[in-house]
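Asker:
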Amino acid sequence: MSSKVEQLRAQLNERILVLDGGMGTMIQSYRLNEADFRGERFADWPCDLKGNNDLLVLSKPEVIAAIHNAYFEAGADIIETNTFNSTTIAMADYQMESLSAEINFAAAKLARACADEWTARTPEKPRYVAGVLGPTNRTASISPDVNDPAFRNITFDGLVAAYRESTKALVEGGADLILIETVFDTLNAKAAVFCGENGV
Numbered sequence: 001m002s003s004k005v006e007q008l009r010a011q012l013n014e015r016i017l018v019l020d021g022g023m024g025t026m027i028q029s030y031r032l033n034e035a036d037f038r039g040e041r042f043a044d045w046p047c048d049l050k051g052n053n054d055l056l057v058l059s060k061p062e063v064i065a066a067i068h069n070a071y072f073e074a075g076a077d078i079i080e081t082n083t084f085n086s087t088t089i090a091m092a093d094y095q096m097e098s099l100s101a102e103i104n105f106a107a108a109k110l111a112r113a114c115a116d117e118w119t120a121r122t123p124e125k126p127r128y129v130a131g132v133l134g135p136t137n138r139t140a141s142i143s144p145d146v147n148d149p150a151f152r153n154i155t156f157d158g159l160v161a162a163y164r165e166s167t168k169a170l171v172e173g174g175a176d177l178i179l180i181e182t183v184f185d186t187l188n189a190k191a192a193v194f195c196g197e198n199g200v
C-alpha cells in the first residue's frame with residue numbers, strides 16, 4: 001500500500017474530508033465555444049466537439065486547473081479528475097476512442113499538480129486526487145430495445161476493457177483513489193469495481 005493511501009486513511013480516521021463539487025456546471029460558467037473545445041490540436045476534427053468537457057484537459061487545461069484551484073480555495077480536500085466521460089466507449093461519440101488513455105492520464109496529472117501545489121502551501125492539510133470513472137452510454141444489465149429483451153449493446157468484457165484503460169491511465173497520472181460515479185447500469189458498476197479490485 002502506498003504512503004499516500006495510508007496518509008488518506010489516517011486523515012479519514014481523524015476528520016471528515018471534503019470532496020469538490022460539480023465539474024460540468026463550473027465549465028458551463030466559462031461559456032466556451034466550439035473553437036475553445038477544439039484548440040489548435042483538434043481544429044480540423046471531423047465532428048463537433050463542443051460539449052466534450054473531458055477533452056478540455058488537452059485543449060483548455062488552464063480552465064480545468066482554475067476549477068480545481070477554486071474548489072481547493074473553497075476548502076476541498078479531494079478533487080475529482082475531469083474524466084466523467086473519458087472511457088473509450090463514451091469517447092466514441094466524438095470519434096476519440098483512441099484518445100481515452102491520453103485524456104485520463106492528462107486529467108490525473110493536471111489534478112495531481114494542483115493538489116500538490118495546495119499541499120505544499122499547507123502541508124498540515126494534504127490534498128488528494130480522485131480519478132473519476134463515470135458511466136458509459138451503454139447498458140449491459142437490461143436491453144436498450146423494449147422489443148428485444150435479450151439484446152445488449154455492450155458485453156461485460158467490453159466494459160472491463162474500457163474501464164481498465166481509463167483506470168490504468170488515471171493511476172499512472174497520479175490519482176490517489178478511484179471514484180466510480182453516477183453509474184446507472186449495475187454491470188457498468190461491476191466492471192469498474194472489477195478493474196479497481198484487480199489492480200487494473
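1 is the number of the first residue of the sequence shown in UniProt numbering; add one for each residue after it. Every residue gets a Cβ at the ideal spot worked out from N, C-alpha and C, and that includes glycine. Here the structure is a predicted model, which is why all the values come from computation and not from measurement.
Taking 8 Å as the cut-off, decide whether the C-beta atoms of D54 and I16 are in contact.
Answerer: Taking 8 Å as the Cβ cut-off, D54 and I16 do not qualify as a contacting pair.
Asker: What first and last residue would you give for the alpha helix (DSSP H) that runs through A111?
Answerer: Element bounds for A111: 100 to 121.
Asker: Thinking C-beta only, is V63 closer than 8 Å to P135?
Answerer: Their beta carbons are not under 8 Å apart, which means P135 does not touch V63 by this criterion.
Asker: Starting from E80, trace the beta strand (DSSP E) both ways and give me its first and last residue.
Answerer: Counting along the chain, the beta strand (DSSP E) containing E80 begins and ends at 78 to 80.
Asker: What are the partner residues of T180, as DSSP defines its beta bridges?
Answerer: Here residue 180 turns out to be Ile, not Thr, going by the sequence shown. Paired residues: L133.
Asker: Would you list the residues sitting across from L19 in a DSSP beta bridge?
Answerer: The partner list for L19 (beta bridge, DSSP) reads I78.
Asker: For N188, count the other beta carbons within 10 Å of its own beta carbon; 16 or more makes it buried, fewer makes it exposed. Which is it?
Answerer: Buried, because 16 or more other Cβ atoms sit within 10 Å of the Cβ of N188.
Asker: Start and end of the alpha helix (DSSP H) containing L12?
Answerer: 3 to 14 is the span of the alpha helix (DSSP H), which, as asked, contains L12.
Asker: Take A191 and list the residues in its own chain whose beta-carbon comes closer than 7 Å to its own, dropping the five residues that flank it on each side.
Answerer: Within the same chain, A191 has close Cβ partners F156, L159, V160, Y163.
Asker: For Q7 versus P123, is the C-beta distance shorter than 8 Å?
Answerer: Contact: no.
Asker: Considering only residues of the same chain and omitting the five flanking positions on each side of I67, which have a CB-CB separation below 6 Å?
Answerer: So the list reads M26, once near-sequence residues are dropped.
Asker: Assign T87 to one of two classes, buried (16 or more other C-beta atoms within 10 Å of its C-beta) or exposed (fewer than that).
Answerer: So T87 ends up on the buried side.
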